[in-house]
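Below: one structure, written as structure tokens.
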Ligand code: HEM
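Residue numbers (the numbering used here): 41 to 248.
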């Protein structure tokens, strides 16, 4: 536990975890916006903002590859800690209590709660689908017709799933859980925050 100022701090996210997270977020926003420009004519204005139709067509797949690579690094950092345990499965069954801030009967969480773990698996699986179907759409002339048609269908579906998850993620981590954003920006939390949001993790890291 660091005690550099009057109040103690606990490290929640190391610098490399934060760097990878924010680079993933930036690549996600670029790829998402350029993708909507390619998806619908109504979103032409996003193409205009991002340098025009041809630029967007050329850079969207590159942005997608960068996003997939960064997400793979995030996966390497966190996959082990994102496995659901017995408490997480119970947590999911009573997750409506979490939604209304009712702590009683809600199993304690480790470093990540079961909702955060589900977001991680949703993002990881949709990124894999986006990567594979995106590769097919990038080089359509090399692909059989059936695969091209499947990719045209699956690519936007995975994008919508991923985007839906991220909207919930941004809402939860910036508005619903005060202190979470500071943890991802500056790396630390107060012990009381850790004990109330992630009790099992708190005990684990403060056990001497
Ligand atoms: C673009 C705006 C984004 C904001 C404001 C944001 C914010 C945050 C914050 C504050 C945390 C820490 C939560 C905690 O302390 O437990 C976090 C964690 C995390 N973020 Fe983001 N994030 C964004 C985008 C993304 C994107 C694009 C991805 C992946 C595609 C992502 C994946 C994750 C994951 C897997 C975690 C750890 C589990 C969790 O806390 O949900 N984030 N994010």
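For every residue, glycine included, the Cβ atom is placed at its ideal position computed from N, Cα and C. Computed from a predicted structure; not experimentally measured.
Would you kindly work out how many angstroms separate the C-alpha atoms of residue i and residue j, rounded to a whole number?
i           : j           : result
residue 205 : residue 162 : 7 Å
residue 93  : residue 175 : 19 Å
residue 43  : residue 125 : A caution first: residue 43 carries a pLDDT of 48, below 50, which makes its placement in the model unreliable, though a value can still be read off. The alpha-carbon atoms of residue 43 and residue 125 are separated by roughly 32 Å.
residue 241 : residue 234 : 7 Å
residue 133 : residue 159 : 16 Å
residue 212 : residue 140 : 13 Å
residue 129 : residue 182 : 44 Å
residue 135 : residue 165 : 22 Å
residue 194 : residue 216 : 32 Å
residue 49  : residue 121 : 22 Å
residue 245 : residue 239 : 10 Å
residue 81  : residue 172 : 24 Å
residue 131 : residue 243 : 19 Å
residue 208 : residue 68  : 15 Å
residue 223 : residue 96  : 34 Å
residue 119 : residue 199 : 21 Å
residue 115 : residue 218 : 25 Å
residue 196 : residue 190 : 11 Å
residue 142 : residue 247 : 27 Å
residue 84  : residue 70  : 15 Å
residue 113 : residue 180 : 28 Å
Thinking C-alpha only, which one of the options is nearest residue i?
i           : options               : result
residue 187 : 148, 169 and 98       : 169
residue 237 : 118, 148, 49 and 79   : 148
residue 72  : 245, 208, 131 and 202 : 202
residue 109 : 167, 79, 83 and 142   : 167
residue 155 : 123, 184 and 112      : 123
residue 106 : 84, 63, 81 and 131    : 63
residue 79  : 247, 192, 245 and 218 : 192
residue 111 : 60, 190, 247 and 210  : 60
Considering only the beta carbon of each residue, do residue i and residue j sit closer than 9 Å?
i           : j           : result
residue 58  : residue 229 : no
residue 54  : residue 227 : yes
residue 101 : residue 178 : yes
residue 74  : residue 88  : no
residue 127 : residue 150 : yes
residue 117 : residue 56  : yes
Could you give the C-beta distance for residue i and residue j, rounded to a whole number, given that I count them as a contact under 8 Å?
i           : j           : result
residue 145 : residue 137 : 6 Å
residue 90  : residue 98  : The pair is not a contact, with the Cβ atoms about 11 Å apart (cut-off 8 Å).
residue 214 : residue 221 : 5 Å
State the beta-bridge partners of residue i as determined by DSSP.
i          : result
residue 51 : 228
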